[in-house]
Structures are given as structure tokens and as C-alpha cells.
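Residue numbers (the UniProt record's numbering): 1 to 347. Where a beta carbon is used, it is the ideal one built from N, C-alpha and C, also for glycine.
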């Protein structure tokens, strides 16, 4: 843990204020992109892709994980992550004819993502870009651009752009599937995000000030939230965290869970919830330090969700406020993590 007398107050960080604006960002994004998404969804129903491939890095790749579970549960369309190195380093051609190839990027300029988008387009895939910088190279080569509409994001730690990526995927899935409940949830989501920002997660902030390691658990649609949380623990707090599925953690990693070991559980309000709660009880019985975010009977309140698919967005919105406070409590400025830049360009 470090100490710096120049650390800002929690509400004065860029991270705090950018994350706090997410509800407005999502509302504006839904309105701005409605016609584009409706047209794309209609086209996808008329000419269904054999599968969906995603391509992304960092927080954007965690958004892609959400997209996988979302498209597979809502549409039954197999969705997989295409490793950027396949196209950018190995130069291996992929058979993508007719596929929907979704590239997710805040900056839209990382060379590896651009090379893969170009290769996918050449292979006959339909390339869709979810990007925050609308005049970026990625936006220029994509067939369809869905702007994230997050505005400038100056904190190194992505917050509003990550949640905007999840929201864009949610809007696409809702219109593609024409699921009435999910479509209705889009209207309720901005208000729910405002409520989530006000949720009190201070117990996890206080409990992790002196921690060295922890597990963050999610499953299904909630796995992406666990992945994003683990990344934020590392980059903003200097705290080693690993994300696992609540099923996968049983296949070896849980051997580490003993007295005092911290575990943060995101209980997704769907068929995976019961298993997560059972696992949390098991870890508590071992003496582990466990927090459960859940809509009912959790240690950390999870806002009532307009649709289960919205839960990961609300979970992470509450988490961002807590992680900002934790970073400062541990002596770190969450806006300027060591060794990191806002725009990372990899090949």
C-alpha cells in the first residue's frame, strides 16, 4: 500500500465522476443509436449469421464475454472470442464467411484489432464496431458503427465506456431477439443505474484495505462483471484479484480459499444464483471473508433489475463507486495507475 498526501477526495476523482455519469450516457446512447440498431437487427433476422465472433482487449473483452452469454441465451447463436493475435501476429486466416464480427474498442485504433477487423471483412464477415471515438480507424472500416456515446474518458480506468459497451450489446440483443421483456428493460435501465450508484457497498471497501489477494466470482451473464471487477482491483488498487466462474473455481482454484481469504461473489438473479449462494456459504464455513452482491439477502445490495440481463451493469455500477473509494483508502490514485496509459496499442 502506498501513501500520497496529494490524493483527491473520493468524489473528486475522474473515475468517480465519469462512472457517475453512466446513466446519462446510456440514455443518450439508446436514443442516438435506436435507428441504427433496429436496422441492423432486422438485417440479422433476415440473414442470420452462422455464429458471432467478438474481438477486443481489456475491459472491452470483458464486455465481449457479456455479449457471448447474452447472444447465446437470448438468441441461441453461438458466440466466441477471436484472439487478436491470430490475425495480427500469426496471420492465420479464419473462416468467417457470413459471420457477425463484433469489434469492441474505446479508442478504435489498436493495431491488432484493426488487422483482425480488416481480415474479417476480407473473409466475408459482417464487421460491426462498438467504438467510442467515432472518427477512429476502426469506425472507418466497419460496415456498421454503433457509437458508445460515452464522451471523453480521461481516467485511465475505463468505467462509463465499459458500461456503454454492455448497454450497446443489450440494445442489439433486445431488438435482434424482439424480446418484449428485454426491450422494456432498456427504458428502465438508466433509472436503475442511478439507483445502483447510490447503493452502499462500503463494507467491501473497508474489508479490503489491507488485502493482498482475492477471488471475484460470477457465472453466466455475471462472469463479465467478475472479470471487470478483478481487473479494476489490480489496476486501481494494486490488489491481486482473479475472476472465476462459480463453477470453474471448484476445479482447483478453491484450494486457496481458507480462513481470512477474501471472496467477492456476484449473484446473478437467474438460474445461476442458487449455486453462487451455496458456494458462498461453503466458503464462509471455511472461515473465508465473503461478500455477496445479491438482490435479496446479500451483504452488498443489488438494485432490483428490470431484466436479469441488466444485472451485470447494475452490479458494476455499484462496484465502481466502491473501488474508487478503496483505491484511495489503499493510497492509490485510481485515475493514474502505475505503468498504464489510457490508450494501449498492441499488435
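**Prompt:** Count the other CB atoms within 10 Å of the CB of residue 178; is the residue buried (16 or more) or exposed (fewer)?
**Reply:** Sixteen is the threshold: since fewer than 16 other Cβ atoms of the shown chains lie within 10 Å of the Cβ of residue 178, the residue is exposed.
Between the C-alpha atoms of residue 190 and residue 243, what's the straight-line distance to the nearest angstrom?
27 Å
| Residue ranges of each beta strand (DSSP E) within the UniProt domain "SIS" (204 to 337), 3 or longer | 213 to 218, 240 to 245, 262 to 266, 289 to 294
- Item | Close Cβ partners of residue 271 (< 6 Å) along its chain, the five nearest in sequence each way excluded | none
For this session: Tell me residue 129's beta-bridge partners as DSSP assigns them.
Result: 103, 145
- prompt: Roughly how many whole angstroms lie between the Cα atoms of residue 93 and residue 236?
  reply: Cα to Cα, the separation comes out at about 37 Å.
Could you tell me which residues DSSP pairs with residue 81 in its beta bridges? Residue pairing from DSSP places residue 81 in a beta bridge opposite 54.
On the CB-based measure, 16 or more other CB atoms within 10 Å of its CB, does residue 164 come out buried or exposed?
buried
Answer with buried or exposed for residue 6, where buried requires no fewer than 16 other C-beta atoms within 10 angstroms of its C-beta.
-> exposed
Are residue 30 and residue 186 close, meaning C-beta to C-beta below 8 Å?
yes
- Three-state secondary structure (DSSP) at residue 14? helix
inquiry  = Taking the straight line between their C-alpha atoms, what separation do you get for residue 107 and residue 162?
reply    = 12 Å
Item to complete: Compute the distance between the beta-carbons of residue 57 and residue 84, then report whether it is under 8 Å.
Response: yes
Please identify the residue among 131, 324, 306 whose C-alpha is closest to the C-alpha of residue 238.
Ranking 131, 324, 306 by CA distance to the CA of residue 238 puts 324 first.
### Buried versus exposed, by CB contacts within 10 Å (16 or more), residue 348
Residue 348 is absent from the structure shown; the chain starts at 1 and stops at 347.
**Request:** Please report the residue range of the alpha helix (DSSP H) in which residue 176 lies.
**Result:** 160 to 177
Per-residue burial, residue 90 [other beta carbons within 10 Å of its own, 16 or more giving buried] = exposed
- prompt: Taking just the CA atoms, how far does residue 105 sit from residue 131?
  reply: 5 Å
ask   = Taking DSSP as the reference, what is the three-state secondary structure of residue 60?
value = helix
(Q) Classify residue 333: buried if its beta carbon has 16 or more other beta carbons within 10 angstroms, exposed otherwise. (A) buried
Next item on the list: Please classify residue 9: does DSSP put it in a helix, a strand, or coil?
Entry: coil
Checklist line | C-beta atoms of residue 155 and residue 328 nearer than 8 Å | finding: no
Give a yes or no on contact between the segment 294 to 301 and the segment 188 to 204, applying the rule of three or more CB pairs nearer than 8 Å. With the cut-off at 8 Å, the segment 294 to 301 and the segment 188 to 204 touch.
query = How long is the line joining the alpha carbons of residue 308 and residue 249, rounded to whole angstroms?
reply = Taking the straight line joining both Cα atoms gives about 23 Å.
Exercise for review: Figure out for me which residue from 133, 288, 60 has the closest Cα to the Cα of residue 207.
Suggested key: 288
### Residues near residue 182 in its chain [Cβ-Cβ closer than 6 Å; skip 5 each side]
174, 307
Can you list, in chain order, the residues of its chain whose CB lies under 8 Å from that of residue 366, leaving out five sequence neighbours each side? The requested residue 366 is not part of the displayed model; the chain covers only 1 to 347.
Exercise. Around the Cβ of residue 171, are there at least 16 other Cβ atoms within 10 angstroms (buried) or fewer (exposed)?
Worked result: It counts as buried.
Sequence-distant residues of its chain with Cβ nearer than 6 Å to residue 229 (five each side left out) | 216, 319
inquiry  = Helix, strand or coil for residue 68? Go by DSSP, reduced to three states.
reply    = helix
Buried or exposed: where does residue 33 fall if 16 or more other Cβ atoms within 10 Å of its Cβ makes it buried?
buried
Check: If you compare alpha carbons, which of 312, 41, 11, 331 is closest to residue 223?
Finding: 312
In three-state DSSP terms, what is residue 88? helix
Practice task
Kindly indicate which residue of 267, 124, 50, 194 has the alpha-carbon position closest to the one of residue 317.
Solution key: 194
When 146, 267, 310 are compared against residue 295, the one with the closest alpha-carbon: 267
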